[in-house]
Ligand SMILES: Cc1cc2nc3c(=O)[nH]c(=O)nc-3n(C[C@H](O)[C@H](O)[C@H](O)COP(=O)(O)OP(=O)(O)OC[C@H]3O[C@@H](n4cnc5c(N)ncnc54)[C@H](O)[C@@H]3O)c2cc1C
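In this note's numbering, the protein residues as written are 28 to 470.
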């Protein structure tokens with residue numbers, strides 16, 4: 028294999044991949060990033076201010092030697108969802124049953140800075156900032172960077188996010204599924220230098236057709252995200268002036284006004300983000316280029332898995348490089364096998380929007396959630412609740428989806444009994460339908 032590669036995009040997937048290529052395979056990497064160096068910037072204009080990091084992402088960061096005390100210090104554990112109803116009551120729904128069952132709030136800019144610094148410290152990665160790629164010419168092996176031709180050697184990885192310049196050239200067909208809902212970010216400031224609400228939970232204000240979520244930051248603020256329709260009833264387009272904004276929040280999110288008194292400023296000034304799932308039919312071109320991260324499989328953010336999946340891509344492609352000698356085989360195997368997995372998390376993420384904005388208030392859902400934990404306690408290697416499989420194991424996403432569908436039917440069956448069935452009956456139902464599975468960090 029040629030000991031040279033190019034990566035377009037130094038967001039999250041790009042620098043992590045460069046660390047693997049440099050450290051594991053001794054490959055020199057040239058990276059092109061359209062933005063200036065975030066370590067020198069005073070403000071950040073990324074896609075969200077903070078993110079939930081969980082097992083898949085952590086596993087990849089550990090393998091790359093990035094999950095050190097510096098990174099761990101920047102994480103805030105969240106052990107479950109704190110549900111805020113419209114009367115201002117709060118109720119806690121744990122994510123799992125073990126001490127290790129928590130996700131982590133992390134600042135996007137912080138993790139980005141850590142990754143690019145680690146990438147540069149390998150001495151084999153050169154990041155070229157303020158260099159926007161607009162095209163790639165496979166015949167002459169040139170990239171178009173800031174409108175100038177730049178020759179490349181070795182494979183090119185498109186890690187330039189959901190509007191990737193490389194994917195336009197190789198994807199064959201790009202299908203952007205816009206769910207017609209958008210998002211805006213709001214901030215709950217700290218009070219007396221302390222958090223206003225519990226920092227060890229992911230807060231949700233579920234309102235059936237919309238919701239607000241809040242994740243803690245290290246400066247004791249919370250970044251909240253309002254998700255709702257872009258047009259129509261209860262939509263962003265109805266929030267045009269101060270009185271409309273306050274009427275809307277008074278009616279739907281009463282306690283939020285107390286936490287964010289100047290909410291009208293955020294709504295008026297912050298950009299409206301789109302919620303997109305990307306289905307790129309083709310991820311690679313011969314031995315020349317391959318997509319990774321959001322450029323291949325952007326998903327809606329409701330399972331907190333986009334970054335985690337992008338980091339997991341790096342592990343998956345390394346496993347394939349270890350077994351194959353040429354890039355064309357690596358790219359073909361990666362695209363085919365990984366797309367099956369990322370299509371599954373794309374579906375699960377869409378489904379989880381309903382869970383978060385609606386089901387978490389539903390009695391039957393909560394009964395099933397509780398029963399799921401009980402069955403997990405009784406048969407931990409057979410029945411593993413979906414959230415646990417997604418966030419706390421490395422079970423491939425497509426297997427998670429398959430098992431979760433079966434488990435959902437099992438829960439319905441058990442709940443249809445008049446009296447709770449005996450353990451032997453439960454064991455028969457479960458073991459007849461589900462194969463043995465390691466619930467631990469299963470690669
Ligand atoms: C509101 C929201 C909340 C989210 N929350 C979570 C969460 O909690 N957990 C989670 O796991 N995921 C979450 N995600 C998803 C996560 O942000 C993405 O999956 C992740 O950023 C993908 O990483 P990436 O490196 O592929 O792309 P990006 O992070 O988008 O990075 C792409 C990089 O390429 C650069 N670039 C773009 N175009 C060009 C070009 N033409 N030339 C050169 N450089 C270019 C960009 O500047 C950027 O630096 C969330 C997303 C959103 C929108």
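Each residue gets a CB set at the ideal place from its N, CA and C atoms; glycine is no exception.
**Request:** Below 6 Å CB to CB, which residues in the same chain sit around residue 42 once its five sequence neighbours on both sides are set aside?
**Result:** Here residue 42 is taken as the residue at index 15 of the chain shown, counted from 1. Once the five neighbours on either side are set aside, the close Cβ partners of residue 42 are 142, 143 and 146.
**Request:** For residue 94, collect the residues of the same chain with a Cβ closer than 8 Å to its Cβ; drop the 5 residues on either side in sequence, then sort them by chain order.
**Result:** On the chain shown, residue 94 is found 67 positions in, with the first residue counted as 1. Contacts found: 85 and 88.
**Item:** Proximity test, residue 265 beta-carbon vs ligand 1 heavy atom, cut-off 8 Å
**Value:** Looking up residue 265 in the chain shown gives position 238. Not under cutoff, so the answer is no.
**Beta-ladder partner(s) of residue 233, from DSSP** = Locating residue 233 in the chain shown gives position 206, where the first residue counts as 1. According to DSSP, which records beta bridges pairwise, residue 233 is partnered with 238.
**Prompt:** Does the Cβ of residue 109 lie closer than 8 Å to at least one heavy atom of ligand 1?
**Reply:** On the chain shown, position 82 is the one that residue 109 refers to. No, Cβ of residue 109 sits at least 8 Å from all heavy atoms of ligand 1.
**Request:** Please look up how many angstroms separate the CB atoms of residue 228 and residue 400, rounded, as I've assumed it's under 8 Å.
**Result:** The residue labelled residue 228 in the question sits at position 201 within the chain shown. The residue labelled residue 400 in the question sits at position 373 within the chain shown. So it is not a contact: roughly 17 Å between Cβ atoms.
**Request:** Using beta-carbon positions only, say whether residue 310 and residue 366 come within less than 9 Å of one another.
**Result:** Reading the chain shown from its first residue, position 283 is the one you call residue 310. Reading the chain shown from its first residue, position 339 is the one you call residue 366. Contact flag set, yes.
**Prompt:** When DSSP builds the beta bridges, which residues end up paired with residue 201?
**Reply:** Translated into the one-based positions of the chain shown, residue 201 becomes position 174. Partner(s): 307.
**Asked** If you follow the alpha helix (DSSP H) that residue 410 is part of, which residue opens it and which one closes it?
**Response** As a working note, residue 410 is residue 383 in the chain shown. No alpha helix (DSSP H) contains residue 410, which DSSP labels as neither H nor E.
**Same chain only: Cβ atoms within 8 Å of residue 477, ignoring 5 sequence neighbours per side** = The structure shown does not extend to residue 477, since the chain spans only 28 to 470, so no value can be given for it.
**Request:** Have a look at the DSSP bridge pairing and note the partners of residue 109.
**Result:** To locate residue 109, count along the chain shown from 1; it is residue 82. Looking at the DSSP assignment, residue 109 forms a beta bridge with 119 and 230.
**Prompt:** For residue 371, which option in 342, 427 and 338 has the closest C-alpha, if you only look at C-alpha atoms?
**Reply:** Here the question's residue 371 lines up with position 344 in the chain shown. Checking every option, the nearest Cα to that of residue 371 belongs to 427.
**Prompt:** Is it the case that the Cβ atoms of residue 482 and residue 306 are separated by a distance below 9 Å?
**Reply:** As displayed, the chain neither begins before 28 nor continues past 470, which places residue 482 out of reach and without an answer.
**Prompt:** What three-state label does DSSP hand residue 43 in the structure shown?
**Reply:** Here residue 43 refers to the residue found at position 16 of the chain shown. DSSP places residue 43 in helix when its eight states are reduced to three.
**Request:** Work out the CA separation of residue 60 and residue 164 for me, nearest whole Å.
**Result:** Indexing the chain shown from 1 puts residue 164 at position 137. Indexing the chain shown from 1 puts residue 60 at position 33. Cα to Cα, the separation comes out at about 18 Å.
**Prompt:** Which residue comes first and which comes last in the beta strand (DSSP E) that contains residue 184?
**Reply:** Sequence index remark: in the chain shown, residue 184 carries index 157 (1-based). Element bounds for residue 184: 183 to 185.
**Prompt:** So residue 357 and residue 192 are in contact, right, with Cβ under 8 Å, and what is the actual spacing, rounded?
**Reply:** As a working note, residue 357 is residue 330 in the chain shown. As a working note, residue 192 is residue 165 in the chain shown. The Cβ separation is near 22 Å, so there is no contact.
**Request:** Use the C-beta contact count for residue 115: other C-beta atoms within 10 angstroms, 16 or more gives buried, fewer gives exposed.
**Result:** Along the chain shown, one-based indexing puts residue 115 at 88. Exposed, since its Cβ has fewer than 16 Cβ neighbours within 10 Å.
**Message:** Can you find the residues in the same chain that come closer than 7 Å, C-beta to C-beta, to residue 77, ignoring five residues on each side of it along the sequence?
**Reply:** Along the chain shown, read from residue 1 onward, the residue named residue 77 stands at position 50. 132, 133, 134, 135, 242, 244 and 250.
**Burial state of residue 151 (16 or more Cβ within 10 Å)** = Walking along the chain shown from the start, residue 151 turns up at place 124. Label assigned to residue 151: buried.
**Message:** Looking at the strands, I want to know which residues DSSP matches up with residue 254.
**Reply:** The residue given as residue 254 occupies position 227 in the chain shown. According to DSSP, which records beta bridges pairwise, residue 254 is partnered with 210 and 238.
**Prompt:** In terms of residues, what are the limits of the beta strand (DSSP E) holding residue 130?
**Reply:** Here residue 130 refers to the residue found at position 103 when the chain shown is read from its first residue. Per DSSP, residue 130 belongs to the beta strand (DSSP E) from 130 to 134.
**Message:** If we require 4 or more residues per run, which alpha helix (DSSP H) segments fall completely within the region 372 to 451?
**Reply:** 390 to 405, 413 to 419 and 424 to 443
**Item:** Pairwise C-alpha distance: residue 90 and residue 420
**Value:** For the purposes of this step, residue 420 is identified with residue 393 of the chain shown, where counting begins at 1. For the purposes of this step, residue 90 is identified with residue 63 of the chain shown, where counting begins at 1. For residue 420 and residue 90, the distance between alpha carbons rounds to 15 Å.
**Message:** Rounded to whole angstroms, what is the Cα-Cα separation between residue 37 and residue 295?
**Reply:** The sequence position of residue 37 within the chain shown is 10, counting from 1. The sequence position of residue 295 within the chain shown is 268, counting from 1. Computed Cα separation, rounded: 30 Å.
**Asked** Comparing alpha-carbon positions, which option in 434, 121 and 279 lies nearest residue 418?
**Response** Within the chain shown, numbered from 1, the residue matching residue 418 stands at position 391. Cα-wise, what sits closest to residue 418 is 121.
**Residue burial classification, residue 332 (beta-carbon count within 10 angstroms, cutoff 16)** = Walking along the chain shown from the start, residue 332 turns up at place 305. With 16 or more Cβ atoms within 10 Å of its Cβ, residue 332 is classed as buried.
**Message:** Measuring alpha carbon to alpha carbon, tell me which residue in 412, 188 and 451 is nearest residue 336.
**Reply:** In the chain shown, residue 336 corresponds to position 309, counting from 1. Nearest of 412, 188 and 451 to residue 336, Cα basis: 188.
**Prompt:** Cβ of residue 160 within 8 Å of any heavy atom in ligand 1?
**Reply:** Locating residue 160 in the chain shown gives position 133, where the first residue counts as 1. The answer is yes for residue 160.
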